[in-house]
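Student: Got a structure for you, questions after.
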Amino acid sequence: MSVETAQIFVDAEADLGYRTKWYTKRALIYGGLIFWAFICLFPIYWTVTTSFKIAPDVMQGSLIPWVDFTPRWRGWRSLGLSPETIFQTSTVREEFLKRFMNSVVISLSASMLAVILGSLAAYGLSRFSYRFGFMKNSDISFFFLSQLILPPVALALPFLVLYKELDLLDSRVGIILLYTLMVLPLVVWIMRDQFKAIPVELEEAALVDGLSIWGAFTQIVLPIALPGMVAAFILSLVLSWNEYFFAALLTSTDAKTLPVMVASQTGSQGINWWSMAALSGAAIAPLVVIGIVLERYIIKGMAAGAGK
Amino acid sequence: MAAAGQSEGDLLHTVASDHMSPARLQAGWSLLWFASAVLAGMVLAQLLYRLDRVPFGFENWRPVLYAYVFWAIALCVSQVMVRGEQGKRALFVLPAVLFVVSMVVFPILFGLYMSFMDWNLASPDGPKFNGLDNVRQMLGDPFYWNALKNMVYYVAAVMVEYAIAFGLALMLNTQVRARKFFRVAFLLPLMLSPVAVSWMIGKSMLEVRFGPLANLARLLGWDNPAFFSTPEIARLTIMVMDAWTFIPFMMVMILAGLQALPKEVQEAAKIDGATPWQGFWQVTFPLMLPVSISAVVIRIIFKLKLADIIINVTSGGPGGATDSVTSFIFREYRDRSNVGYGTLLAMVYLIVIIIFVTALLKVAGRWTRQFNQEGAG
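Chains A and B supply the protein sequences, listed in that same order.
Under our numbering, the residue at position 23 of the first sequence is numbered 326, and the numbers go up by one with no gaps.
Under our numbering, the residue at position 32 of the second sequence is numbered 56, and the numbers go up by one with no gaps.
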């Protein structure tokens, strides 16, 4: 090898090593990410495919539709939601839709109520100084946030007895109130951060222009804080949609929610894998959609906790 | 914190002519007194009826609830009437405070009363005071102590979840394509209801004969994969399922923390010749400590409520090995409808939690402060 033919700029041994190292690092990162994405998504995939299986397919543990097994509407038919049964009357479907509507109404109203109560409280605490007896602002904030550590089980049995006396057992209102209580600390937490980030000068200007404090709040502050409120609302929605413990104890026929229905299917008469899969699939579908479409807000809501 | 001193004014100052006419003041006070009288009267009447002192009354306490709601509204209105601008400010916090007090403080006090009762909802006898019998029963109840011990294991598992979540957050924080896809995929487990997760994973995928995970385990050389037959493995399985749901939660918090880190510090470390390993342990990790601590603390708080998966997958079995306190009390109530004893167990658990979390927050606060001082010094 003569000096003339050699390249002028040679990659040093160390640099070449660096590039292979860079590639292995990328491969490792992508490998890890794809592996974890698989872990996260496979159970959902399994549920959806199982709802299209019939008994032998389940028993053989088939995985891939059209390759391992032929998809059938068996699971969805048992719910009354398959193409050929959708226009016929079906008691199972009515039952399912009733539970579904219960879940929708309860989680929407509870989140709504929590966001209203929580936002008002968080705004007040971030702007004015209060004094209820010995409690000052920081104590009141702590009082709200400390509800987070309250285990549901400590409230469940007293509420069982109290609701019985109040005739609120197995009623939507009773469950809505409890779920509101459950998500309220989260809403206060998220909204406190939101309001702190809004400069007071905005409201001062509004007050100078002749608005009252409530006018300034509704017309100036609320529109700015809206993304935070949406985040708080979505998180509350997810939590109250998925709640099982209170619903299992305090509802029986009228106000039963979807998770209770899913849970009560498992024990009885062996397991119809396909219909269970269809039921679970239908129960998680709304949240999967919310998760995909509104991911931004959910992350925003949860990240609020990281700041403090 | 400095702004929250003794004589501190409001952050938002308002100038208002707070001149209230005597008539308005009087109307406000009389409204409040009237509502209070109605509420007190209703409570008293209903109480007397329940104690068989008066022959007539309501069938249940619902009308008293309406009276309470009326009283709460009257209180809010009278605040504005009596205190003017100050009252309008109080109106921001008052509804939430009233709500939480009536939904938490009152039931907890009622729960304390229930704890010392022999109260079986299924029997027609109604509650009977039985002193410390419930406490004695609790002290001799091996299943309750076993459930408390399990909680220790479950809480300890949070550290493993934390390590995984941190790893995932680090990977997501690099320059990768399709980051949005990965974020959504990683977030999804958190969105699913624990009951559905119990069915999807616990019952279906871990099914011994044909579940895909059992098949995988057989492929990897575990001849007879039974995920719920021995206590240790069953507990581990529950931990894994719970981790699957909640790792995204910690991951998002840590990721948010990572993205808020100043880039300069990490680059400076790189220029100074730190290997990525050193860079992580000596720069990133210490900087992330406050966020990590709050993520772990919040996760522990959630972990202490763990129940849904256990109730639906193992119902505490085998032999109580997977029981959490919540699932144990749930079963205790389901099987014996003894609310008195169940409430006592729950109250004791509440006290344990309050002590534990207070201590945890103290320690966490000290760590964070220490770190801040080191950072400043």
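Think of the CB as a built atom: it goes at the ideal place given N, C-alpha and C, for glycine as much as any other residue.
All values reported here derive from a predicted model rather than from experimental measurement.
If you pair each beta-carbon of the stretch 530-539 of chain A with each one of the stretch 461-471 of chain A, do three or more pairs fall below 8 Å?
Tutor: The stretch 530-539 of chain A vs the stretch 461-471 of chain A: no contact.
Student: If contact means a Cβ-Cβ distance below 7 Å, which residues of the stretch 69-93 of chain B contact chain A?
Tutor: Per Cβ criterion, the list reads Asn-84, Trp-85, Arg-86, Leu-89.
Student: Using only the alpha-carbon positions, how far apart do Leu-72/B and Gly-65/B sit?
Tutor: Spanning the two alpha carbons is a distance of roughly 11 Å.
Student: Could you work out which residue in Val-221/B, Asp-149/B, Leu-89/B, Ala-69/B is closest to Val-337/B when comparing CA atoms only?
Tutor: Minimum Cα distance to Val-337/B is reached at Val-221/B.
Student: Just to confirm the assignment: which complete alpha helix (DSSP H) runs, minimum length 4, are found wholly within the stretch 169-256 of chain B?
Tutor: Listed in chain order, the complete alpha helix (DSSP H) runs (minimum 4 residues) inside the stretch 169-256 of chain B are 203-215, 218-221, 236-243.
Student: Is it right to say Thr-392/A is buried, meaning 16 or more other beta carbons lie within 10 angstroms of its own, or is it exposed?
Tutor: So Thr-392/A ends up on the exposed side.
Student: Based on the DSSP output, what are the partners of Asp-296/B in its beta bridges?
Tutor: BP columns for Asp-296/B are empty, so no partner.
Student: Taking Cβ-Cβ distances shorter than 8 Å, what residues in chain B pair up with Tyr-433/A?
Tutor: Result: Arg-113, Ala-114, Val-117.
Student: Inspect the CB distances between the stretch 517-525 of chain A and the stretch 365-383 of chain A and report whether three or more fall short of 8 Å.
Tutor: Because the criterion of three Cβ pairs below 8 Å is not met, the stretch 517-525 of chain A and the stretch 365-383 of chain A do not touch.
Student: What's the call for Phe-210/B, buried or exposed, on a 16-neighbour Cβ count within 10 Å?
Tutor: Classification for Phe-210/B: buried.
Student: Does the structure place the stretch 491-504 of chain A close enough to the stretch 421-430 of chain A that three or more beta carbon pairs sit under 8 Å?
Tutor: Output reads yes: the stretch 491-504 of chain A touches the stretch 421-430 of chain A.
Student: Does the contact criterion of 3 or more C-beta pairs under 8 Å hold for the stretch 481-496 of chain A versus the stretch 380-396 of chain B?
Tutor: Taking 8 Å as the limit for Cβ pairs, the verdict is that the stretch 380-396 of chain B does not touch the stretch 481-496 of chain A.
Student: Could you work out which residues of chain B lie near Trp-576/A, taking near to mean beta carbons separated by less than 7 Å?
Tutor: Simply Ser-228.
Student: Distance check for Ile-324/B and Pro-272/B, CA to CA, integer angstroms please.
Tutor: Taking the straight line joining both Cα atoms gives about 14 Å.
Student: Could you give the first and the last residue of the continuous alpha helix (DSSP H) run that contains Met-485/A?
Tutor: Met-485/A -> alpha helix (DSSP H) spans 475-499.
Student: Ordered along the chain, which non-local residues of its own chain (more than five positions away) have a Cβ less than 6 Å from that of Gly-52/B?
Tutor: Closer than 6 Å at Cβ, skipping near neighbours: Ser-102, Met-105, Val-106.
Student: Show which residues of chain A have a CB atom less than 8 Å away from the CB atom of Thr-338/B.
Tutor: Neighbours of Thr-338/B on chain A: none; closest Cβ ~12 Å, over 8 Å.
Student: Any heavy atom of the ligand ADP closer than 7 Å to the Cβ of Asp-473/A?
Tutor: As for the ligand ADP, it is missing from this structure, which has no ligand bound.
Student: Give every residue of the same chain whose Cβ lies closer than 6 Å to the Cβ of Arg-377/A, excluding the five residues on either side of it in the sequence, and list them in chain order.
Tutor: Counting only Cβ-Cβ distances below 6 Å, and skipping sequence neighbours, we find Ile-357, Trp-577.
Student: Determine the extent of the alpha helix (DSSP H) in which Trp-143/B is found, giving its start and end residues.
Tutor: Per DSSP, Trp-143/B belongs to no alpha helix (DSSP H) and is neither H nor E.
Student: CA-CA distance, Gly-334/A and Ala-267/B?
Tutor: Rounded to whole angstroms, Gly-334/A to Ala-267/B spans 21 Å at the Cα level.
Student: Does any residue of chain B have a CB that is nearer than 8 Å to the CB of Leu-489/A?
Tutor: Taking Cβ atoms only, chain B never reaches closer than 8 Å to Leu-489/A, which makes this a no.
Student: Please report whether the beta-carbon of Trp-223/B lies at a distance below 8 Å from any beta-carbon of chain C.
Tutor: Among the protein chains of the structure shown, namely A and B, there is no chain C.
Student: With which residues is Phe-435/A paired in a DSSP beta bridge?
Tutor: In DSSP, Phe-435/A forms a bridge with Met-438/A.
Student: Reducing DSSP to helix, strand and coil, say where Phe-153/B ends up.
Tutor: Three-state result, Phe-153/B: strand.
Student: Leaving out the 5 sequence neighbours to the left and right, which residues in its chain are closer than 8 Å to Ile-278/B when beta-carbon positions are compared?
Tutor: So the list reads Ala-189, Phe-190, Ala-193, Met-312, Val-315, Ser-316, Ala-319, once near-sequence residues are dropped.
Student: Quick check: the Cα distance between Glu-256/B and Val-179/B, rounded to an integer number of angstroms?
Tutor: Approximately 15 Å between the Cα atoms of the pair.
Student: Measure from the alpha carbon of Trp-379/A to the alpha carbon of each residue in Val-596/A, Ser-583/A, Ala-459/A, Leu-597/A, then state which is nearest.
Tutor: If we check each option's Cα against that of Trp-379/A, Ser-583/A comes out closest.
Student: Could you check where the alpha helix (DSSP H) with Arg-113/B kicks off and where it finishes?
Tutor: From DSSP, the alpha helix (DSSP H) with Arg-113/B extends over 109-124.
Student: Phe-2/B bridges to which residues according to DSSP?
Tutor: Residue 2/B is absent from the model: chain B starts at 25 and stops at 401.
Student: Strictly below 7 Å CB to CB, what residues from chain A border Asp-332/B?
Tutor: The contacting residues are Tyr-547, Phe-548.
Student: Cβ of Ile-132/B within 8 Å of Cβ of Ala-417/A?
Tutor: It is not a contact, given that the beta carbons lie outside the stated cut-off.
Student: In chain A, which residues lie with their C-beta within 7 Å of the C-beta of Lys-329/B?
Tutor: Those are Pro-454, Pro-455, listed as they occur along chain A.
Student: Listing by chain order, which chain A residues have their CB less than 9 Å from the CB of Tyr-373/B?
Tutor: Those are Pro-454, Val-456, Ala-457, listed as they occur along chain A.
Student: Check the Cβ of Thr-198/B against every Cβ in chain A and list those closer than 9 Å, keeping chain order.
Tutor: Going along chain A in sequence order, the residues near Thr-198/B (Cβ under 9 Å) are Lys-328, Arg-329, Ile-332.
Student: Report yes if the CB atom of Leu-230/B is closer than 8 Å to the CB atom of Phe-251/B, and no otherwise.
Tutor: Contact flag set, yes.
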